[in-house]
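In terms of the numbering used here, the sequence shown is residues 557 to 838. For each residue, glycine too, the CB sits at the ideal point set by N, CA and C. Below: the structure, in structure tokens.
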Amino acid sequence: MTDTQKSPELLKAESHAAALASIARSEHEPTPTDTVTYREEFNPATGRSRLIPVAPVDTDQELADKLQSIADAQNLSLQVNADDDERQKTFDQLFPSEQRRMVEEYWTPIITKLIREHQTAFDDVEDYESSEGTYRARIQAEFAFNLKHPDIKTLQVQGDYHFNTLLANGLLNIESYKLCERRSNGGGVQIVNGALAPSQGSFTLVYIPGNVPNVMHYAQSPEAIAYSQKLYDADLQRLIQNRKAVSVKLTEAKKKARDQLSTIQTFDQLISDSVKRAVNKK
């Protein structure tokens with residue numbers, strides 16, 4: 557594109573970018589050794605000022621790099637704008653049928669992809685809603701198994717010796733509670749005859765009220781039901797929000813495609829407008 561074809565705004569922007577690049581280049585030029593820069597420093601105690609020589613700072617290179625980066629970014633932006641202008645001119649010179657074909661070729665894969673995503677998002681919500689019972693039953697079972705109910709009590713024991721000591725001192729009994737499970741926390745290591753050997757490790761003692769049959773009984777407790785409802789609602793809202801977002805993208809894409817097509821004259825419109833202009837001239 558020649559300078560005569562460029563808009564005043566484009567020429568002005570190119571000039572600004574060139575100036576930035578020139579400043580950046582000048583920062584790389586060596587400073588004469590006999591040139592000294594001073595800064596003024598005021599002393600409030602004496603009421604006098606003095607000039608202090610300033611050594612070249614290390615940030616000169618950083619400033620040059622920054623200016624060059626800005627200039628490069630502006631040049632890239634100018635090139636993109638120039639390319640867009642060139643593409644628009646090429647598009648405007650096409651026949652209406654070719655313009656419509658280009659618009660359709662651009663938007664068809666985009667809209668087709670969004671339609672698939674939109675359908676998938678709808679299916680995800682429907683599938684999730686239809687499986688509410690199964691999902692919440694699993695969450696409630698995990699709630700009970702992971703000992704999240706407030707009525708469940710636990711005691712951490714560091715191996716058999718610790719357990720036997722607690723047992724001998726009557727410290728394993730909790731009033732109105734019963735011991736229902738002993739869960740291993742994973743094995744440990746110990747030294748036997750100077751060598752490492754696996755040991756039983758620590759474990760967790762699980763206690764529940766005496767009138768409760770087992771830990772999984774709490775899967776149907778009000779606390780477990782409320783917990784599963786909270787998680788289910790949160791996941792459902794996430795899926796619904798995703799469905800809405802995809803729906804908005806699809807609607808916007810269709811609107812942009814329609815708007816672009818609406819600006820392209822049909823052959824009938826072209827003939828009609830030509831006839832109207834010819835009649836008006838008479």
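task = Have a look at 714, 666, 682 and 678 and flag the residue whose alpha-carbon is nearest the alpha-carbon of residue 761.
result = 714
request  = Compare the Cα-Cα distances from residue 553 to each of 654, 662 and 680 and report the closest residue.
outcome  = Absent from the model: residue 553. The displayed extent of the chain is 557 to 838, so no value can be given.
Simplified DSSP assignment, three categories, for residue 687 = coil
task = With a threshold of 16 other CB atoms inside 10 Å of the CB of residue 764, please say whether the residue is buried or exposed.
result = buried
ask   = Under 8 Å between the Cβ atoms of residue 774 and residue 693?
value = no
inquiry  = Check for me: the beta strand (DSSP E) holding residue 712 runs from which residue to which?
reply    = 709–713
query = In chain order, what residues of the same chain have a beta carbon less than 8 Å from the beta carbon of residue 708, not counting five sequence neighbours either side?
reply = 762, 763, 764, 771 and 774
query = What is the rounded straight-line gap between the Cα of residue 689 and the Cα of residue 807?
reply = Taking the straight line from one Cα to the other gives about 34 Å.
task = Tell me whether residue 823 sits in a helix, a strand or coil according to DSSP, three-state version.
result = helix
message = Taking 8 Å as the threshold (C-beta atoms), are residue 759 and residue 740 in contact?
response = Contact: yes.
ask   = Is it right to say residue 827 is buried, meaning 16 or more other beta carbons lie within 10 angstroms of its own, or is it exposed?
value = exposed
task = Grab me the residues of residue 614's own chain with a C-beta within less than 6 Å of its C-beta, minus the 5 sequence neighbours each way, in chain order.
result = Model confidence at residue 614 stands at a pLDDT of 47, short of 50, so the residue's coordinates are unreliable; what they give is reported in the following sentence. Taken in chain order, the list of residues that qualify is empty.
ask   = Does the stretch 658–668 come within contact of the stretch 798–814, defined as at least 3 CB pairs closer than 8 Å?
value = yes
query = Nearest to residue 801 by alpha carbon, out of 628, 648 and 673?
reply = 673
query = Cα separation between residue 671 and residue 798?
reply = 14 Å
ask   = Taking the DSSP output, what are the residues bridged to residue 661?
value = DSSP, once it has assigned bridges, lists no residue as partnering residue 661.
request  = With a cut-off of 8 Å on the beta carbons, I'd call residue 795 and residue 684 a contact; round off their distance for me.
outcome  = The beta-carbon separation of residue 795 and residue 684, rounded to 6 Å, stays under the 8 Å limit for a contact.
query = Under the three-state reduction of DSSP, which class applies to residue 761: helix, strand or coil?
reply = Per DSSP, reduced to three states, the secondary structure at residue 761 is strand.
ask   = Among the residues of its own chain, which have a CB less than 8 Å from the CB of residue 589, if the five just before and after it don't count?
value = Because the pLDDT of residue 589 is 49, which lies under 50, any placement of that residue in the model is unreliable, and the question is left without a value.
query = Helix, strand or coil: which one does DSSP assign to residue 614?
reply = Its pLDDT being 47, under 50, residue 614 is placed unreliably by the model, and nothing is read from it.
task = Enumerate in chain order the residues of its own chain whose CB-to-CB distance from residue 711 is below 6 Å, with the five nearest sequence positions on each side excluded.
result = 761
Residue 777 (DSSP reduced to helix, strand or coil) = coil
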